[in-house]
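A.B. asks:
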Amino acid sequence: EYKPKKSDPTKGTPTGKKKSLVFDYKYEGTKFTSSEPPKWEDVDSGSDKAAKK
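As numbered in our numbering, the sequence shown has no gaps in its residue numbers, which increase by one up to the final residue, 53.
(1) Taking the C-alpha atoms as reference points, what is the distance between residue 15 and residue 21?
(2) May I ask you to report which of helix, strand or coil DSSP gives residue 22?
(3) DSSP beta-bridge partners for residue 28?
(4) Name the one or two DSSP bridge partners that residue 12 has.
(5) Return the residue from the list 29, 17, 30 and 36 that minimises the CA-CA distance to residue 42.
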């Protein structure tokens, strides 16, 4: 994830957070259908867990 600069919104600094776009589907008969719109979720990076051990 990036935080844009006010002077130039095309450039920014990384926040260190990672996000992924998650799609939910269900199987109806012979087809997959979307059950809800895609949504962004925070990704848990393994580096935090390794640092705590």
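Each residue gets a CB set at the ideal place from its N, CA and C atoms; glycine is no exception.
C.D. replies: Reading off the structure:
(1) In the sequence shown, the residue the question calls residue 15 occupies position 15. In the sequence shown, the residue the question calls residue 21 occupies position 21. Roughly 17 Å between the two C-alpha positions.
(2) Walking along the sequence shown from the start, residue 22 turns up at place 22. Correct three-state label for residue 22: strand.
(3) Here residue 28 refers to the residue found at position 28 when the sequence shown is read from its first residue. Partner(s): 31.
(4) Indexing the sequence shown from 1 puts residue 12 at position 12. According to DSSP, residue 12 bridges with 4.
(5) Working through the sequence shown from its first residue, we reach residue 42 at position 42. Among 29, 17, 30 and 36, the Cα nearest to that of residue 42 belongs to 17.
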